[in-house]
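To keep things clear, I will list the structure first and then write my remarks on it.
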Amino acid sequence: MSGAYAAIGNPAVDMSESSVRPGMDAKSWDMVGSLNLSLQLPTGEVLLDLAAQGHDEIVVCTADLGRPTQVINFGRRHPDRYFNFGIAERNMIGAAAGMATTGLLPFISNYSFFLALMGAENIRNDIAYPGLKVRMVGTHSGIAMGFYGTSHHCNEDIGLLRAIAGLTVMAPCDANAIRAAITTTIDHPGPIYFRVGRGREAVVYDTPPAWRIGGSTMLRDGAHATVLAIGNLVSA
Numbered sequence: 029m030s031g032a033y034a035a036i037g038n039p040a041v042d043m044s045e046s047s048v049r050p051g052m053d054a055k056s057w058d059m060v061g062s063l064n065l066s067l068q069l070p071t072g073e074v075l076l077d078l079a080a081q082g083h084d085e086i087v088v089c090t091a092d093l094g095r096p097t098q099v100i101n102f103g104r105r106h107p108d109r110y111f112n113f114g115i116a117e118r119n120m121i122g123a124a125a126g127m128a129t130t131g132l133l134p135f136i137s138n139y140s141f142f143l144a145l146m147g148a149e150n151i152r153n154d155i156a157y158p159g160l161k162v163r164m165v166g167t168h169s170g171i172a173m174g175f176y177g178t179s180h181h182c183n184e185d186i187g188l189l190r191a192i193a194g195l196t197v198m199a200p201c202d203a204n205a206i207r208a209a210i211t212t213t214i215d216h217p218g219p220i221y222f223r224v225g226r227g228r229e230a231v232v233y234d235t236p237p238a239w240r241i242g243g244s245t246m247l248r249d250g251a252h253a254t255v256l257a258i259g260n261l262v263s264a
């Protein structure tokens, strides 16, 4: 890693193939800068931990978004278990479904718009209706992509995916919640979609919280009102 890259943002993130140059604002929402902004997307780290614990069935699928969704390090450690499909999201979903039928546990990691909206038909037909054990991590949900506009925004994913029979949808609010969601549900027999943000969300949990499918977690007691929130709208 050159000094120019190390000086920008988080030096722990591999920027060696980024087009970021000295003088670029490291806090920019620009796409190339997003490589070092996704600080709370621990998917790759969690999957590496699970693989080290003996989960040899885990494989990772992405569509040219391994770095900004932070799963690239899994691919470096386990290149034979990492599949980059390029900009072929529907093919990726179908292939993940096929892998699941052989006993593998595919984790798809991609931007929410390209995964949930563009791939909705394939999620429905290939994964959910057969009840296959596939995990999908849709990152950069909502309007997290900012000025990239409607082609990259994903506000409809919860409503769309919740309507698909057999599919569990979860929206963890920060990095520790993502860790808890993935690890706690590792043995769940059906498909799960994790809706997460861009990785710049506020820290809500200091440690991974207790997690379960269904129900809610109370962060603060109160006597006058009840406020319900999910995902990056949660604030402690």
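Quick note: the sequence shown uses the numbering used here, first residue 29, plus one each step. Don't be surprised by glycine CBs; every beta carbon is placed ideally from N, CA and C. Predicted model, so just to flag it, every value in this text is computed and none were measured.
- Secondary structure note for Asn112: it is in no alpha helix (DSSP H), and the uninterrupted beta strand (DSSP E) holding it is 110-112.
- Nearest to Ala144 by alpha-carbon distance, out of Glu117, Thr97, Thr130, is Glu117.
- Residue pairing from DSSP leaves Thr97 without any beta-bridge partner.
- If you look at Leu75, you'll find it in the alpha helix (DSSP H) that goes 71-80.
- Per DSSP, Arg223 lies in no alpha helix (DSSP H); the unbroken beta strand (DSSP E) holding it starts and ends at 220-223.
- In this structure, Val197 sits near Ile186, with a CB-CB distance shorter than 8 Å.
- Taking all protein chains shown into account, Val231 has fewer than 16 neighbouring C-beta atoms within 10 Å of its C-beta and is therefore exposed.
- Annotated as distal: Asn260 and Pro237, with beta-carbon spacing of 8 Å or more.
- Secondary structure in the stretch 152-193: the alpha helix (DSSP H) runs of 4 residues or longer, each lying completely within the stretch, are 185-190 in chain order.
- Sequence-distant partners of Leu76 (beyond 5 residues in either direction) whose C-beta falls short of 7 Å from its own C-beta, in its chain, are Asn101, Phe102, Arg105.
- A straight-line Cα-Cα distance of about 54 Å links Asp108 and Ala251.
- A check of alpha carbon separations from Ser140 across Ala191, Gly218, Thr97, His168 identifies His168 as the nearest.
- Counting other Cβ atoms within 10 Å of its Cβ, Gln98 reaches 16 or more and is therefore classed as buried.
- For Ala124 and Asp84, the gap between their C-alpha atoms comes out near 16 Å.
- Nearest to Arg95 by alpha-carbon distance, out of Gly147, Arg248, Arg226, is Arg226.
- Sequence-distant Cβ neighbours of Ala193 in its own chain, meaning closer than 8 Å and more than five residues away, are Ala156, Tyr157.
- Bounds of the alpha helix (DSSP H) holding Ile121 are 117-128.
- Taking C-alpha positions only, Asp234 is separated from Arg163 by approximately 25 Å.
- Listed in chain order, the non-local C-beta contacts of Glu229 below 7 Å within the same chain comprise Gln68, Cys201, Asp202, Asn260, local neighbours out to five positions each way being set aside.
- When the beta-carbon positions are compared, Phe111 and Val74 stay at least 8 Å from each other.
- With fewer than 16 neighbouring CB atoms inside 10 Å of its own CB, Pro217 falls in the exposed class.
- Spatial neighbours of Leu188 in its own chain (CB-CB distance under 8 Å, excluding positions within 5 residues in sequence) are listed in chain order as Ala144, Leu145, Ala148.
- Cβ-Cβ separation between Val224 and Val262: approximately 12 Å, too far for a contact (criterion under 8 Å).
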